[in-house]
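Here's the structure, in structure tokens; my notes come after.
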Amino acid sequence: MNHKTLPNYVFVEILNYLARAINNRMVQYKLIEKISLVSKEWRFKILPRINFSHVFFYITNNKRIEELQALLNRGVRSAFIRINPRAEMKSVEPLHLKHFQNLKLPKNFNASRVDIIAYFGDTTITTPHIFIKEILDIFKKIDVLDLENYNSTTQNLSPNFFGDIRKLEFTNCCITAQDVNDIIEKTKCISLVLRSTPSYSIITDDSKQYLMDDIYKYCETNKTMESLSVYNFYWRGSFGVGLSLINNNTTLTELNLTNLHGDIPNIKINNNTIKKFYYDNRTSLQFIRRWDSPSALQSINFGLLEEQDIALVGRNFRSLNSVSVCGDTPVDVIIDLIRLNNPFERFHIDTGDNINFKNHNELVNALLQNNKLKYLHFSITLPPDALCAFIKSQHPTIRSLKANIESSTLVQATEVLKYNTTLEKLEFTFEKDSTSERQTIVMDTVIEIIKHNLNLVSLDCLYFDAELQNSQLDQLIQFIDLNPYLIRFSIYKNNKIPKVLQTFLANKLIDF
1 MNHKTLPNYV FVEILNYLAR AINNRMVQYK LIEKISLVSK EWRFKILPRI NFSHVFFYIT
61 NNKRIEELQA LLNRGVRSAF IRINPRAEMK SVEPLHLKHF QNLKLPKNFN ASRVDIIAYF
121 GDTTITTPHI FIKEILDIFK KIDVLDLENY NSTTQNLSPN FFGDIRKLEF TNCCITAQDV
181 NDIIEKTKCI SLVLRSTPSY SIITDDSKQY LMDDIYKYCE TNKTMESLSV YNFYWRGSFG
241 VGLSLINNNT TLTELNLTNL HGDIPNIKIN NNTIKKFYYD NRTSLQFIRR WDSPSALQSI
301 NFGLLEEQDI ALVGRNFRSL NSVSVCGDTP VDVIIDLIRL NNPFERFHID TGDNINFKNH
361 NELVNALLQN NKLKYLHFSI TLPPDALCAF IKSQHPTIRS LKANIESSTL VQATEVLKYN
421 TTLEKLEFTF EKDSTSERQT IVMDTVIEII KHNLNLVSLD CLYFDAELQN SQLDQLIQFI
481 DLNPYLIRFS IYKNNKIPKV LQTFLANKLI DF
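Sequential numbering of the sequence shown, starting at 1, is according to full-length UniProt numbering.
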């Protein structure tokens, strides 16, 4: 019999899917090890093409740099790096620039993200800005830089500092609004995140009530920025300038704003470039209701949605892919929104436990009339009847369910979960009713689900914090081993998973 060998690009695609799906550090390392040991070709030709951009290195001392070098030597060509000289351990050699200079970086290495905590108060580093600049020059190719706790009044921070990095984030940095505008202008920045920046300690005129408006006004006419996110509760912006930014900027595809104040002008919004928009959940509808033409929005949290808003959503928000509602949004409005059958695939219901589930059958029927949804998330406590009715419906398009439930609800839903053939991802969080006796019952339920439901790709059931009985652990390992598609299995709170289960899951390349 002739066996055809798959071309390398097929293996690369499969392995990249696995790399994206795995978040646990132990499993990531096991995947890297397994790939590098297949053959010399896989180590030197396949592994460098796998994107491990979220493999995380928290560098606080020389030993962590050595660990990074070991992975680079294996063939890893991307990583997420966080550098904190102040967190150095007394038992190891402190972090110095020479440690980074000894790194042997491959020419094609790409740092997907570099976070640098720039507070050096009790370290031996006397010239922080030079230290940081040297690190940036060493890594060379950096997709995103996040600078934390930088004080530009004592450390020089010119736009040239950032080189070719065009995605910048500042966290609690003491820089002026004019500094921010200069950096955007000179770096041709395409993405900017400001967290508590400018910080509270920045010196400014007391009459400057709306400090952030200086940044928003500059961004109105900027032509390079594609994403702007501002999370600042130190300094305000005004609603008027915020609305003007939305109406006048033509390049932003993502805009996230906070802490706007003042009168809201009675003007309409006409913007067909922003795809993702966020404002405080309680008042986001003040923006949404002003949209006067079809928008390009793909993701939105409507906050408290009312019946009067349904027609607007159907008319001007046909591009939505992800939708959230919260507050006291009535269940009837949620049902009407579902029945619109707009092309959004993700739906998050976060209305607290005030929602009336007496008509849960109507909710399930509405879901069955919607053939666009793929991901359903309830941040509310689903009663047993509602959960069982939905799972039993075998919804033809919804593949992922995330919900808050009581442990007794999971037990009652055992049979329908065992034989559901459409859901691939389940994630349950629980009310606090965890006891040793209860955990035994819930674990038996999880084992039954894993044993019978072979369609599951991912199961999160964050309930357990005690040791498993040996018989239960043996059964769990046995039935996970027989499940052909499972790539994630997480059941322990606070990362208390037994070592033997950790090792088993890592060897199977199952995230946990």
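The C-beta atom is built at its ideal place from N, Cα and C for all residues, glycine as well.
Host beta strand (DSSP E) of residue i (start-end)
i: THR251; result: That residue, THR251, is in no beta strand (DSSP E); it is neither H nor E in DSSP.
i: VAL76; result: First-last for VAL76: undefined, no H or E at that position.
i: GLU148; result: 142 to 148
i: SER324; result: 322 to 326
i: TYR278; result: 276 to 278
i: CYS219; result: First-last for CYS219: 213 to 221, but that is the alpha helix (DSSP H), not the beta strand (DSSP E).
i: ARG339; result: From DSSP, ARG339 is part of no beta strand (DSSP E) but of the alpha helix (DSSP H) over 331 to 339.
i: ARG25; result: Taken as a continuous stretch (DSSP letters only), ARG25 belongs to no beta strand (DSSP E), being part of the alpha helix (DSSP H) at 25 to 38.
i: LEU376; result: 375 to 381
Of the listed residues the options, nearest to residue i (C-alpha basis)
i: SER400; options: ASN160, ILE35, LYS167 and LEU423; result: LEU423
i: ILE35; options: ILE14, ASN23 and HIS54; result: ILE14
i: THR397; options: CYS219, ASN266, PHE162 and PRO343; result: PRO343
i: LEU373; options: ILE441, HIS360, VAL323 and PRO198; result: VAL323
i: SER436; options: ILE300, PHE464 and TYR485; result: PHE464
i: TYR234; options: CYS219, SER201 and GLY163; result: SER201
i: LEU194; options: ARG318, ILE338, ASN172 and TYR210; result: ASN172
i: HIS99; options: ILE165, THR414 and LEU68; result: LEU68
i: VAL325; options: GLU415, PHE512 and THR283; result: THR283
i: SER407; options: TYR375, ASN271, ILE450 and VAL442; result: VAL442
i: PRO48; options: ASN247, ASN24, ASN8 and TYR58; result: ASN8
i: ASN455; options: CYS461, ALA466 and LEU426; result: LEU426
i: LEU136; options: SER393, LEU105 and ILE405; result: LEU105
i: PRO484; options: SER458, PHE378 and LEU340; result: SER458
i: VAL331; options: VAL313, GLU307 and ARG315; result: GLU307
i: ILE290; options: ASN270, ILE450, GLN412 and ASP182; result: A small correction: the amino acid at residue 290 is Arg; Ile does not occupy that position in the sequence shown. The shortest Cα separation from ARG290 among ASN270, ILE450, GLN412 and ASP182 belongs to ASN270.
i: VAL114; options: ALA386, ARG166, ASN73 and ASN156; result: ARG166
i: ASN470; options: LYS451, PHE489 and PRO498; result: PRO498
i: HIS129; options: LYS451, ASN108 and PHE162; result: PHE162
Where residue i falls, given that 16 or more other Cβ within 10 Å makes a residue buried
i: ASN232; result: buried
i: GLY352; result: exposed
i: GLU169; result: buried
i: residue 533; result: Coverage of the chain is limited to positions 1 through 512, which leaves residue 533 absent and any answer about it impossible.
i: ALA70; result: exposed
i: GLU148; result: buried
i: LYS432; result: exposed
i: residue 550; result: Since the first residue of the chain shown is 1 and the last is 512, residue 550 is not available in this structure.
i: PHE44; result: exposed
i: THR409; result: buried
i: VAL333; result: buried
i: VAL500; result: exposed
i: ASP292; result: exposed
i: VAL38; result: exposed
i: TYR150; result: buried
i: LYS223; result: exposed
Segment limits, alpha helix (DSSP H) that includes residue i
i: ASP385; result: 384 to 392
i: ALA403; result: Premise fails: ALA403 lies in the beta strand (DSSP E), 400 to 405, not in any alpha helix (DSSP H).
i: ASN507; result: 499 to 507
i: LEU312; result: 310 to 316
i: GLU362; result: 360 to 369
i: HIS96; result: Note, HIS96: premise wrong, no alpha helix (DSSP H); not H, not E.
i: ASP481; result: 470 to 482
Chain-order list of residues whose beta-carbon lies under 8 angstroms from that of residue i (same chain, five-residue window excluded)
i: GLU226; result: ILE190, SER191, THR251, LEU252, THR253 and GLU254
i: ASN160; result: LYS186
i: ILE447; result: GLN472, GLN475, LEU476 and PHE479
i: LEU509; result: LEU18, ILE22, VAL27, LYS30, LEU31, LYS34 and ILE487
i: GLY240; result: GLY262, ASP263, ILE264 and PRO265
i: ALA111; result: SER78, ALA79, PHE80, ILE81, PHE139, LYS141, ILE142 and ASP143
i: GLN101; result: GLU134 and ILE138
Residues near residue i in its chain [Cβ-Cβ closer than 7 angstroms; skip 5 each side]
i: ASN321; result: GLN298, SER299, PHE344, GLU345 and ARG346
i: GLY242; result: TYR216, LEU257 and LEU260
i: THR329; result: LEU304, LEU305 and THR351
Contacting residues, own chain, Cβ-Cβ under 6 angstroms from residue i (five flanking each side not counted)
i: TYR210; result: ARG236, GLY237 and SER238
i: PHE56; result: PHE80
i: LYS496; result: ASP465
i: GLN439; result: PHE464 and ALA466
i: TRP42; result: ILE35
i: PHE52; result: ALA19, VAL76 and SER78
For residue i: DSSP bridge partner residues
i: GLY237; result: LEU260
i: ASP511; result: ARG488
i: ASN151; result: CYS174
i: PHE464; result: TYR492
i: ASP164; result: Paired residues: none, contrary to the question.
i: VAL230; result: LEU194
i: THR429; result: ASN404 and LEU462
i: TYR58; result: ARG82
i: ARG114; result: Note that residue 114 is Val in the sequence shown here, rather than Arg. VAL114 pairs with ILE81 and LEU145.
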